[in-house]
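Residue numbers (the working numbering): 4 to 253.
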Amino acid sequence: MKSQPQVTLILLPGMDGTGDLFDSFVEALNPAIRTVVVSYPKTGSLSYKALTALASEQIQAAKIPVDAPYMILGESFSGPIAIALAANTNGQLKGLILSCTFAINPRPLLSKFSFLVPAITYNQFWLVLTSKFLMGNFKSEKVHQQLNAILPTVSPITMRSRLEAVIGVDYSAMLAKIKVPILYLRGKHDNLVPSSASQHILKLAKAVTLVELDAPHMLLQMAPKEAATKLQLFIEKALLINLIPMGADD
């Protein structure tokens, strides 16, 4: 008989919004961690505020017991959404995990070129360039194939609206309100989100643990086992528990 989950982990996806890229990370997690993967629409233009409301609805639909601990993980684009949820949630939230993400536009120079955003569209060059930024010099045929399969399923208009949302975001005030411990996972070879993004979070948040892994921007996909191990240590420290060993039974 399998052991019952001891904590729920809410997973908020990157800019693709599908949640399909979490599979390797979820497989690497301790079975005592129940996962709820949030997804966003593949069409339409929703603001960060609207996506936060949508994520909140999906979390409520997951029916986490009112007395059960849970944590929120925001990857890349979803960092601001995770921050907003953590700043306005109940007492059973025990921790926030931010993976290769930001509270404010991580590339301010992008604002000067925002007029170019509508010109972005899907083609083979765009897919190759995107993969290079996301994966750097790291190689994974599985992840590469996933990107090529998943990204074209999301409307270009939707992707452009999300990039515009990143350009205009500043959730610094919400970040400062968060009272739970925060784990920031940073890829040492992240070509998209610079170290200044994590430093900004370290400066404003009350209790942040920064962990750097030998990984690109797609840290959870390229280093799933290492990330899962760091997450488990964070959970155990935050909840003052020892999660069951991998493969253990009741």
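Glycine residues also receive a C-beta, built at the ideal position from the N, C-alpha and C atoms. Values in this document were obtained by computation on a predicted structure and should not be read as measured data.
Check                                                                                                                                                               : Outcome
Run through the stretch 179–221 for me and flag every whole beta strand (DSSP E) of 3 or more residues, listed as ranges in chain order.                            : 185–190, 211–216
On a Cα-Cα basis, can you pick out the residue from THR46, ALA218, ALA31, LEU223 that is closest to MET162?                                                         : THR46
Start and end of the alpha helix (DSSP H) containing VAL157?                                                                                                        : Counting along the chain, VAL157 falls outside any alpha helix (DSSP H), and DSSP gives it neither H nor E.
Would VAL157 and ILE185 qualify as a contact pair, given that the criterion is a beta-carbon distance under 7 Å?                                                    : no
Would SER59 and GLY17 qualify as a contact pair, given that the criterion is a beta-carbon distance under 7 Å?                                                      : no
With CYS103 and VAL196 assumed to form a contact (beta carbons below 8 Å), what rounded beta-carbon distance in angstroms separates them?                           : 5 Å
In chain order, what residues of the same chain have a beta carbon less than 7 Å from the beta carbon of ASN194, not counting five sequence neighbours either side? : PHE136, GLY139, PRO219, HIS220
Roughly how many whole angstroms lie between the Cα atoms of SER260 and THR232?                                                                                     : No answer is possible for residue 260: the residues shown for the chain start at 4 and end at 253.
Measuring CB to CB, does MET177 end up less than 7 Å from ALA87?                                                                                                    : yes
For the alpha helix (DSSP H) containing TYR174, name the first residue and the last one.                                                                            : Here TYR174 belongs to no alpha helix (DSSP H), and DSSP marks it neither H nor E.
Do TYR174 and PRO83 have their C-beta atoms within less than 7 Å of each other?                                                                                     : yes
Across which residues does DSSP place ILE100 in a beta bridge pair?                                                                                                 : LEU76, LEU186
Name, in chain order, the residues that DSSP records as bridge partners for ILE36.                                                                                  : VAL10
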